[in-house]
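Going left to right, the sequence shown walks through residues 20 to 182 as this note's numbering numbers them. The beta carbon of each residue, even a glycine, is placed where N, CA and C say it ideally should be. Quantities reported herein were computed from a predicted structural model and do not represent experimental measurements.
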Amino acid sequence: MSRRALEGFKKVLGPDHPTTFTSVCNLAGVLEGQGKYDESEKIWRRVLEAREKALGPEHNEVYKILQRLAGLYEKQRKYPQAEEAYVGVCTGFSKTLGEQHPTTLECIRKLAELRETKSAAERTSTIDPEVVVDDVNNRRSLRDRLRELTWLRGRRGLGGGKS
Numbered sequence: 020m021s022r023r024a025l026e027g028f029k030k031v032l033g034p035d036h037p038t039t040f041t042s043v044c045n046l047a048g049v050l051e052g053q054g055k056y057d058e059s060e061k062i063w064r065r066v067l068e069a070r071e072k073a074l075g076p077e078h079n080e081v082y083k084i085l086q087r088l089a090g091l092y093e094k095q096r097k098y099p100q101a102e103e104a105y106v107g108v109c110t111g112f113s114k115t116l117g118e119q120h121p122t123t124l125e126c127i128r129k130l131a132e133l134r135e136t137k138s139a140a141e142r143t144s145t146i147d148p149e150v151v152v153d154d155v156n157n158r159r160s161l162r163d164r165l166r167e168l169t170w171l172r173g174r175r176g177l178g179g180g181k182s
C-alpha cells in the first residue's frame, strides 16, 4: 500500500515534493518495522542524500534522517556505523539546536547507550566457547571429587560429611 501511494505521489507531485518525501520516509519506517532492514537502509540512504542536496548538509531535517539511519544500524548490530552516525547527529544538533536542547541531550543519551551495548557485545564476542565448556566440566569434576572426599571422610569417621 505504501509503495503504491509513493508512486502516485511521485507521478502527481514529483519526487521532491514534501508529501512525496513523507511517503518515502513512511515506507522506510514500515520496512524497518517489518524487519526488512536492508531495504529500509537503502531508502533511508537515498532520503539522506536527497535531503542533503535539497537543504544542505547542516540542516535539522538531515540530522533527523541520519538519526533514523543510526537507529537502524543499531538494530542491525552495525555498531561502528551506528556510532559514527550518532556522533554526526549529536554534533549537528548541538550546533543547530544548542547543547542543552532536549533533542541534543536525547541524542547524547542514545549514543552513550549504544557505546555501552557495543562494549558489552565486544566483551562477549571474545569468549571462547571451548574455554567455557572446559570450565564447566572442570567445575563439575571438582564438585564430584569434593562429594567423594566428603563421603570418604564420613565413612572413616573423620567427620565433615553425612554417613
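| Asked | Found |
| --- | --- |
| Find out if the Cβ-Cβ distance for the pair Trp63, Ala47 is shorter than 8 Å. | yes |
| Considering only C-alpha positions, which residue in the set Cys109, Lys114, Glu77 and Lys137 is nearest to Leu124? | Cys109 |
| What separation, rounded to the nearest whole angstrom, lies between the Cα atoms of Gly90 and Asn79? | 16 Å |
| Would you decide whether Thr143 is buried or exposed? Buried here means 16 or more other CB atoms lie within 10 Å of its CB. | exposed |
| At the level of alpha carbons, what is the spacing between Thr122 and Leu116? | 8 Å |
| Are Phe40 and Tyr82 close, meaning C-beta to C-beta below 8 Å? | no |
| In three-state terms, what does DSSP make of Lys72? | helix |
| Does Arg96 come out as helix, strand or coil in the three-state DSSP assignment? | coil |
| Judging by CA-CA distance, which residue of Lys137, Asn45, Leu171 and Arg174 is the nearest neighbour of Gln95? | Lys137 |
| In this structure, how does DSSP classify Lys129 when only helix, strand and coil are distinguished? | helix |
| Quick one: residues in its chain with C-beta nearer than 8 Å to the C-beta of Leu67, no 5 flanking neighbours on either side, listed in chain order? | Val81, Ile84, Leu85 and Leu88 |
| On a Cα-Cα basis, can you pick out the residue from Leu133, Lys55 and Glu60 that is closest to Ala101? | Leu133 |
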